[in-house]
Structure formats: structure tokens, C-alpha cells
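S.K.: One structure, as C-alpha cells, below. Some questions next.
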Amino acid sequence: MKALNKTAGLLTALAVISAIAHIRAEYLGPAYHIYIFKPLTMVFILLIALLTTKAVSARYKILIVIGLLFSMAGDIFLMLPGDMFIAGLVSFLVAHIFYIAAFGAGHWRRFVWWSPLPFALYGLLLVILLAPSLGPMLAPVLVYIVVIMTMAWRAWERWLQTRRKDALLALIGAILFAISDSFLAFNKFQDPFLAARLLTLTTYFTAQWFIALSVYAHGRGRQ
């Protein structure tokens, strides 16, 4: 466990340094630093989940790792020259589907009836605010909002059912992911604002870090 903590700590430090270098490059350049440090940050975060030996379950670990890989693919599509937004959107959509499968493992038979309501309301609010400026992107963005809200809800439901530390880490990550994508959407489809990239990337990398950390079974049994 100490070895794992040291490894995760080292990878976290490297991810933070890489993320800072990436965010700096977004504002100050050079552009090639973006191509280096954005995927590199996700590599360090992915390794946190991949190198975990005491996982919540083998299935959970595999699903989270695949979700992280598709997130990396989405990052690469979004940072490439040209309009690759749809390809990035689809990659993140697939990532969320794997996260939904991970967070729902073993808990679909139990259901707290009111648990989806906060996420449904937040998703509805996003649609209302964004819809006038989406144009032909309305349908794909609507699908994406439904999927990411479902992902956040399943993380919330999982924590309500288990009250485990790994479930709490996944929940924090899922909520931060939804917040990050909200910043991204308002910056892209409405009025761009200077702090958008800082807010989007900080919440995004932190979200993925929490989700990667949730792979580890924190001493309260495995699912």
C-alpha cells in the first residue's frame, strides 16, 4: 500500500506539472507544448488507475481504464487543427458510457427514486441556456448532456448505495467532469471568456484524477 501511495503521489505530481505546462501553453504558447502536455497529463492520470493492484474489482478497473483511454482520444481530437469537435464529442460520449458501466456495476437493482432529479434539472437548465445558440449542434449536444448527466447520476447513486471512499472519489470526479463540460459548452457556443480554458482544464484534469483514484479499494471491501 505504501508503494502504491508513493507511485500515485509521484504520478499525481507529474500530472500537476504537466497540466500547468499545458494550461500555460493554452494562453502563452508555444502551440507544440499543447500537443505534448495535454495527452501527457492524461497518461500520468491513466497510469494511476492502471498500476493499481488492489482494485475495487477487475471489471471496474478495466472499464475506468477504457474510459480514460477514450477521454485521451477526445483530448487529441479537440486539440488537433481543423474542426474535430464531433470526433472529440463522440470519443467523450463513449468514455462516459464506460464510466456509466463502471459506476452502475452491482447496483442497478437498487434505486433511490429521487437521486436522478438534481442531474435531470441541471441538464435541463443547460439545454434551456444553450439551445438558442446550438443550431445544427442541438441534437448531438443534447445526447451528450443526457449521457454525462446519466454518468454523474450513476456515480451519485453508487455512493448513496455503498458509502465507500472509492464511490465518493468517483462521484467528485463525475461532478467535476460535468462542470468542466459546462464551461466548455458556454465558451464554445455562447460568449467566449478569458478564464474558460483555465476553468475547463483545471476541473477536467481534476475530474479524471479523482476517477482514476476511485479504482483503488480503500479498505472497505470490493464489489
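Numbered by this note's numbering, the letters in the sequence shown go through residues 195 to 417 in order.
Glycine residues also receive a C-beta, built at the ideal position from the N, C-alpha and C atoms.
According to DSSP, simplified to helix, strand and coil, what is leucine 208?
M.R.: For this step, residue 208 is matched to residue 14 along the sequence shown. Three-state result, leucine 208: helix.
S.K.: For alanine 249, list the residues DSSP reports as bridge partners.
M.R.: Translated into the one-based positions of the sequence shown, residue 249 becomes position 55. DSSP output for alanine 249 lists Tyr410 as bridge partner(s).
S.K.: Ordered along the chain, which non-local residues of its own chain (more than five positions away) have a Cβ less than 7 Å from that of serine 374?
M.R.: Translated into positions along the sequence shown, residue 374 becomes position 180. Excluding residues within five positions, the ones whose Cβ falls inside 7 Å are Thr394, Thr397, Tyr398 and Ala401.
S.K.: For the candidate residues Ala207, Trp353, Phe271 and Ile242, whose alpha-carbon lies nearest to that of isoleucine 228?
M.R.: Here residue 228 is taken as the residue at index 34 of the sequence shown, counted from 1. Nearest Cα to isoleucine 228 within the set Ala207, Trp353, Phe271 and Ile242: Phe271.
S.K.: CB glycine 268 to CB alanine 296, shorter than 9 Å?
M.R.: For the purposes of this step, residue 268 is taken as the residue at position 74 of the sequence shown. For the purposes of this step, residue 296 is taken as the residue at position 102 of the sequence shown. Cβ distance not < 9 Å, so glycine 268 and alanine 296 don't count as in contact.
S.K.: Please return the same chain residues whose Cβ sits closer than 6 Å to the Cβ of serine 327, not counting the five positions on each side in sequence.
M.R.: By one-based count along the sequence shown, residue 327 stands at place 133. Same-chain partners within the cutoff: Phe383 and Gln384.
S.K.: By the DSSP assignment, the alpha helix (DSSP H) with phenylalanine 286 in it spans what residues?
M.R.: Reading the sequence shown from its first residue, position 92 is the one you call residue 286. From DSSP, the alpha helix (DSSP H) with phenylalanine 286 extends over 279-298.
S.K.: Determine whether the beta carbon atoms of threonine 246 and alanine 209 lie at a separation below 9 Å.
M.R.: Counting from 1 along the sequence shown, the entry for residue 246 is found at position 52. Counting from 1 along the sequence shown, the entry for residue 209 is found at position 15. Not a contact, by the Cβ cut-off of 9 Å.
S.K.: When you compare only the Cα positions, how much space is there between isoleucine 342 and histidine 290?
M.R.: Translated into the one-based positions of the sequence shown, residue 342 becomes position 148. Translated into the one-based positions of the sequence shown, residue 290 becomes position 96. Between isoleucine 342 and histidine 290, the C-alpha separation is close to 6 Å.
S.K.: Assess contact between the region 272-283 and the region 308-325, defined as three or more Cβ pairs (one per stretch) separated by less than 8 Å. Is contact present?
M.R.: Two segments are said to touch when three or more pairs of C-beta atoms, one from each, lie closer than 8 Å; by this definition the region 272-283 does not touch the region 308-325.
S.K.: I need the boundaries of the alpha helix (DSSP H) containing glutamine 355, first residue and last residue.
M.R.: Your numbering for residue 355 matches position 161 in the sequence shown. Where glutamine 355 is concerned, the enclosing alpha helix (DSSP H) stretches over 332-356.
S.K.: At the level of alpha carbons, what is the spacing between arginine 352 and serine 376?
M.R.: Here the question's residue 352 lines up with position 158 in the sequence shown. Here the question's residue 376 lines up with position 182 in the sequence shown. C-alpha separation (whole angstroms): 23 Å.
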